[in-house]
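Following: one structure in C-alpha cells, then a few remarks.
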Amino acid sequence: MINEIKVGKNNLLVREVAKLASRYGVIIGEKRLWNILREWGLIFKNSTEPKQCGVDRGYFIVIEGFAQNGQYRFPFYTTRVTPKGQEYIINRIRLMDSEEFIIED
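The sequence shown begins at 1 in UniProt numbering and counts up by one.
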C-alpha cells in the first residue's frame, strides 16, 4: 500500500508517526495513536513501553538516555517507531473501518 515510507531510514517518535499518517490521509493524533497501539497489544497498558512482540517484529526500538537532577542521575527510555513499524501502523489504520479518524482518499 505505502511503499515510500520504507525509503526513510529514521526511527520516529509516535507523535511524528501520527503527523506522517496525515500525509497518507489518516487524520489521527498522538494520544489516539498510543491508544490504538495499546488496543493492538503492541504497547503496555498505561505505559509508552512497547511489548517484546513489537520489538521482535522490528516495529519499535527503545532508546535509553540519562538525565541529571542535581546530584542524582537516572535513566529514561524513549520508544521510537522503525520504518517497518511506520509502514505497518499506517497500513493497518487505513484498513480499519472506523469513524474515529478521517481517512481521505
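Every residue gets a Cβ at the ideal spot worked out from N, C-alpha and C, and that includes glycine.
Bear in mind the structure is a predicted one, so any value in this text is a computation, not a measurement.
Of all alpha-carbon atoms in Phe76, Phe60, Ile61, Glu39, the one lying nearest the alpha-carbon of alanine 67 is that of Phe76. It is roughly 10 Å from the alpha-carbon of tryptophan 40 to the alpha-carbon of glycine 54.
Distance from the CA of isoleucine 90 to the CA of valine 81, rounded to the nearest whole angstrom, comes to 11 Å. Within the UniProt domain "Antirepressor protein C-terminal" (9 to 93), the beta strand (DSSP E) runs of at least 3 residues that lie entirely inside it are, in chain order, 60 to 69, 72 to 81. Per the coordinates, the alpha-carbon of isoleucine 36 lies some 15 Å from the alpha-carbon of phenylalanine 60. At least 9 Å separates the beta-carbon of threonine 48 from that of valine 17.
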